[in-house]
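Engineer: Quick one: this structure, given as C-alpha cells, is what I'll be asking you about.
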Amino acid sequence: MTELFAERYPEQARLVRAALLTSFVALGVGALFGLLQALHRTDVLRIVESPTYYTVLTGHGVFLVVTFTIYFLVGLYQWAVTDSLDRGPVNPRITWVWYGLMTVGTVLTAITILAGFLDDPPEVLGSELSADVLFTFYAPLQGNPLFYVGLAVFVVGTWIAGADWFRTWWAWKGDNPGERIPLPTFMVLTTMIMWYLSSIGVAVAILAFLLPWSLGIVDSVNPSLTRTLFWYFGHAFVYFWLLPAYMLWYIVLPKLSGGRLFSDPLARVVFILFVVLSTPTGIHHQYLDPGIAEGFKFIVMTNTMFLLLPSLLTAFTVVASMEHGARQRGGEGTFGWLRTLPWRDPAFTGMALAGLVFAFGGFTGIVNAGMNINYLVHNSVWIPGHIHTQVGTAVALTFMAGGYWLVPQLTGNRLVGRQAALFQVVLWFVGIVFMTNSMYRAGLDGVPRRSAEPQYAFDYDISLGSMAELDAQLALGGVLLFISTILFLGIMALTWRNDGTEPVVDGRIPPALSGPEDAPRVIDDLRVWTALAVVLIVLAYTLPLVAVASRGGLFGPDITPLPVAVDYWLPVLADLVGASIG
Amino acid sequence: MNIHAYERLWVAGSMVLIVGFIATITYGAVGLGITMVDDGEEPLAPDEIDEDERFGEPRVEEVGDDEYEVYVVSATFFFQPDPIEIPAESEVTFYVTSRDVIHSFTVVGTNTNTMVIPGEVSAMTVEFDEPGEYGIVCNEYCGAGHHDMEGELIVLDPEEFEERQEENDDDVDAIEVFDHRTATAGNGELP
C-alpha cells in the first residue's frame, strides 16, 4: 500500500487539507498576537495601548488553543479514521456539514474578538461588538452574544464530527465482525467520548446562563457556577489538545524512528485512563476559589495525581519504541542508540524535542496540582510557562512536525526545504527554552500572568538573576518562536504549491511489536469505560455543583454584567486617577 | 494481558511516585496545617457590601491578643484599604470579597494568594515573621485597567504598629480617602 492518501481518498484529503489550512491560519494570527504580548509585557515595544493588550490576549488564547489545535485535531482524526479503517465516511456531506459549522462558529467568535481593535465598535444584538473576556470568559465579564453563539456553534460542529467518526466505525464493524478496533480509530473514539462528557459543562454554561444573560433575557448569573462549569470542561479540554499529539507519538514517531510501536495494549490503556480521569479533576483549577469545600479539592488533587500515570506510561512506550527503532537501524550501547535516530528528519526531531519538553512541563504540572503548593504559583506567570511547554510545545511542535510528515501525503507534493524545516523545529525548541525559563522563574518570584504592564510600584524580589534579564529572555523567546512559526507557515505554503513533485514519505504504519491480540477484549468495549467515567464524574461533581449553585443561587445574587470595552472604562479610569491624585 | 517485565517495573515505580506526591501534599495539609480557601464563609452579595458590618468599612481590626482581621474589598481597579498595615508575629486573617468581577488578592512573593469572586468571601489566616513591604496585585484579568490594580501591604514591627494605631485613631483623613473612593466607584460609572 504505497499509494498516497491523497490518491486513495481524494475527497477526504480535501477535507483534511481544508482543516489544516484553517488551523495554520489561526496559528499565524495567534503567533503574531503572542509576539505583541511578549514585547508589550516586557516593555520592549508597545504597539497597542495597554487596555487593547487584553484584546490581543483573548485572540492569542482563542485562536491558538481553540482554532489552531481543534482544526488540526479534526484534520488528523479524519485522516486517522479513514486510513486505519480503510474507508471513507458513510455520508461525505455530513463531514462538510461539521466542517462548515465549526467554521461559521469560528468566524462569528473571531469577529467579536477582533472588533475589540476598533475605536468605536458597532452595536450588535443590543451590546457593543467586542469580547475582551479571554478564552476563559469568566462572568461577570461579558462578551457580545455573538461570541457565545460562535463558541456554541463551533462545539456543535465538533460533536457532529465525533458522531461522523462513530458512524464510520459502526459501518466498518458491520463489514468486519469480530475484528479489533484499529489503534488510530480507537484513539479517535476514546478522545471523542472524553470530549462529549466534558464539553457538556461548557455547553450548559453558555446555553443556560451566559448567552441568555448577554442577550438580556436573564438579569444576572452566578459567577462561581459558570466558572465551575467552565472548569468541569476545562481540564479535559487540555487533553483534547494533547491526545492528537499522543496519537502522533504512538502511531507516527515509532515509525519515523525506524521501528514500530512497542505496545498496542498499553496505548489503549492510556487513552482509556484519559477518558476516565480527565473530567473529575477540573476543580484543581479552582484550588484558590472560595465557596468550594477543602474536601472536594482534596479529592480532585488525588485524581489529578493519578492522571500522571497515562503520561508516565506514554513516556515509557514512546522511548521504548524509539530505542527499538534505533536498534533496528544498527544502534548499540546503553545510550549509544540515541545517535542512530534520524535526527536529520524534521518530523522526527520536532516530535522528539516536543516529547522532551513535555516531560519537563509535566513535572511543573505536578507543582500546580499540589493544592497547597498551588498558592505560590496560582495565576503567576509560572502558569503560562507550564501552558507554553505543554500545549505551546508538546502539542504545537508535534503538530508542526506532524505537518511535515502528513501534508506531503495530503497534497501529493514533496516537502520543500527539509533543512529549513529541521532548523525551524530546533528554533522553536530554543525559543521555548528561553521564554519558559523566564516565565517559570519569574512566576516563582510572584510576577503575575495576564498583566499588560507587570511593572508595579513595588519591586519584585528576584531570587536568581534580575528582572531585566528575565524580561530579555521572555522577549527573545517570543521573537524566536514567532520567526519559527513564520518559517513553518512558509514551508507549508511552498509545499502546498509544490505541484508536479513526488513526496518521499511513506505513509504505511507498521503493526505494533505487541499487538491488540495481547489486550483483553474488554479494552475495546467503549461502553464500559464510558460508564466508569460517568460514575466518577457524578461522584466528583454532583456535590460541588449543588453546593455552588445553592450558595449563590442558579442565577446569582443579582450580579450585574460588566461589558468590557475600552471606551466604557476610560471615564472610570480617569476618575480613579483623579481620586488618587486629589 | 501481556505486559513486558520492564513495563511492569515502570508502572510500579510510577505508582510509587504518584502515591509519594499525594503523601507530600497530604503532609502539607495535615502536618503543616496549610488549609485551603474554602466554603467556611457565608456568601455575600455585592450589593450588600456597603451595609455589611465587616466590609462596609474595609479595615484592619484587632480581635484578640496578637490576632487581627483584615476586611478587604476589591473592585475594578483597586483594593480597600490601601495600604494595609499589619504587625509582624501576629495571626492575621484576611477576608476578601469583590464588588464587581472576579479578582485575586495576591501578596507578591508570598503564598498569601486567593481568588476573589463576587458573591463569595475568601478567608486566609497567615503570619508574617518579619517586618517588610509587599506589593498586592490582582492576578485575574478584570477589565481594561487590570494592570493598574495594585495595593501595598506593610508589615510593621509590633511596637511600631501599636504607635501607628494610636496615631490613626485621631486621624479622620484616612477614612475620608476611603469614602471618596467608594463614592467614585458608586457614582454610576460602575453598574
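Line by line, the protein sequences are chains G and W. Residue 1 is where the first sequence starts when you use the numbering used here, and the numbers rise one by one after that. Residue 1001 is where the second sequence starts when you use the numbering used here, and the numbers rise one by one after that. For each residue, glycine too, the CB sits at the ideal point set by N, CA and C.
(1) Looking at the structure shown, is N498(G) part of a helix, part of a strand, or coil, going by DSSP?
(2) List, in chain order, every chain W residue whose beta-carbon is nearer than 7 Å to that of D461(G).
(3) Taking the C-alpha atoms as reference points, what is the distance between R46(G) and S451(G)?
(4) Decide if E3(G) is buried, meaning its Cβ has at least 16 other Cβ atoms within 10 Å, or exposed.
(5) Which residues in the same chain as L487(G) place their Cβ atom closer than 6 Å to its Cβ, once the five residues preceding and following it in sequence are excluded?
(6) Using the C-alpha atoms, what's the distance from V153(G) back to G1188(W)?
(7) Just to check, is the beta-carbon of F1105(W) closer than 6 Å to a non-hydrogen atom of the ligand MN?
(8) Over what stretch of residues does the alpha helix (DSSP H) that includes V505(G) continue unbroken?
(9) Below 7 Å CB to CB, which residues in the same chain sit around E1176(W) once its five sequence neighbours on both sides are set aside?
(10) Can you confirm whether the stretch 61 to 68 of chain G touches the stretch 21 to 37 of chain G when touching is taken to mean that 3 or more C-beta pairs between the two stretches lie within less than 8 Å?
(11) So if I threshold CB-CB distances at 9 Å, which residues from the stretch 1028 to 1055 of chain W count as touching chain G?
(12) Residues in its own chain within less than 6 Å of F429(G) by CB, not counting five upstream and five downstream?
(13) If you count every other CB in all the chains shown that lies within 10 Å of the CB of R527(G), and 16 or more means buried, which is it?
(14) Going along chain G, which residues have a C-beta under 8 Å from E1140(W)?
(15) Under 7 Å between the Cβ atoms of D132(G) and T55(G)?
(16) I want to see whether chain W comes within less than 7 Å of I47(G), judged by CB atoms only; does it?
(17) For a test of the three-state rule: what should DSSP assign to G515(G), helix, strand or coil?
(18) Looking at chain W, is there any beta carbon in it that lies within less than 7 Å of the beta carbon of M1(G)?
(19) Confirm, please, whether the CB-CB distance from A236(G) to T190(G) is below 7 Å.
(20) What are the partner residues of P448(G), as DSSP defines its beta bridges?
(21) At a CB-CB cut-off below 7 Å, which residues of chain W make contact with E294(G)?
(22) Does V566(G) have its Cβ less than 7 Å from a Cβ in chain W?
(23) So does the stretch 242 to 258 of chain G actually touch the stretch 174 to 193 of chain G, counting three or more Cβ pairs closer than 8 Å?
(24) So, are the CB atoms of A1124(W) and C1138(W) less than 7 Å apart?
(25) Do we get a CB-CB distance below 7 Å when we pair M305(G) with the residues of chain W?
(26) Cβ closer than 7 Å: which chain G residues qualify as neighbours of S1074(W)?
(27) Between which residues of its own chain and P342(G) is the CB-CB distance below 6 Å, once the five residues before and five after are set aside?
(28) Can you find a C-beta in chain W that's less than 7 Å from the C-beta of E453(G)?
(29) Just the chain W side, please: which residues come within less than 7 Å of T302(G) by C-beta, in chain order?
(30) Alpha carbon to alpha carbon, how far is N303(G) from I483(G)? Give it in angstroms, no decimals.
(31) Does the stretch 1110 to 1117 of chain W come into contact with the stretch 282 to 292 of chain G, if we say contact requires no fewer than three beta-carbon pairs (one atom in each stretch) closer than 8 Å?
(32) Would you mind listing the alpha helix (DSSP H) stretches within the stretch 57 to 94 of chain G that are 4+ residues and don't spill past its ends, in chain order?
(33) Just the Cα atoms here: how many angstroms apart are R1054(W) and T1097(W)?
(34) Could you please tell me which residues of the stretch 1110 to 1135 of chain W, in chain order, have their CB closer than 8 Å to any CB of chain G?
(35) Quick one: complete alpha helix (DSSP H) runs, 4+ long, within the stretch 331 to 370 of chain G?
(36) Kindly indicate if chain W contains any beta-carbon less than 7 Å away from that of P290(G).
Structural biologist: By the coordinates alone:
(1) coil
(2) G1109
(3) 13 Å
(4) exposed
(5) Q424
(6) Since pLDDT at G1188(W) reaches only 29, below the 50 mark, its modelled position is unreliable, and the value read off the structure follows with that caveat. Cα-Cα distance, rounded: 36 Å.
(7) The ligand MN is not part of this structure, which contains no ligands at all.
(8) Note, V505(G): premise wrong, no alpha helix (DSSP H); not H, not E.
(9) At E1176(W), the pLDDT of 45 sits below 50, so the modelled position is not reliable and the matter cannot be decided from this model.
(10) yes
(11) G1028, A1029, L1032, I1034, T1035, M1036, V1037, D1038, D1039, G1040, E1041, E1042, P1043, L1044, A1045, P1046, D1047, E1048
(12) L353
(13) exposed
(14) Y138, N379, R450
(15) yes
(16) no
(17) coil
(18) Residue placement at M1(G) is flagged as unreliable, the pLDDT there being 45, under the threshold of 50; the coordinate-derived value follows with that caveat. No, its Cβ sits nowhere closer than 7 Å to a Cβ of chain W.
(19) no
(20) S380(G)
(21) T1035, M1036, D1038
(22) Since pLDDT at V566(G) reaches only 40, below the 50 mark, its modelled position is unreliable, and the value read off the structure follows with that caveat. Closer than 7 Å: yes.
(23) yes
(24) Rather than Ala, the amino acid found at residue 1124(W) in this sequence is Met. Their beta carbons are not under 7 Å apart, which means M1124(W) does not touch C1138(W) by this criterion.
(25) yes
(26) The premise fails here: S1074(W) is roughly 12 Å from chain G at the closest Cβ pair, so nothing lies under 7 Å.
(27) F348
(28) yes
(29) I1022
(30) 39 Å
(31) yes
(32) 69 to 85
(33) 10 Å
(34) T1110, N1111, T1112, N1113, T1114, M1115, V1116, I1117, P1118, G1119, E1120, V1121, S1122, A1123, E1133, Y1134, G1135
(35) 346 to 369
(36) yes
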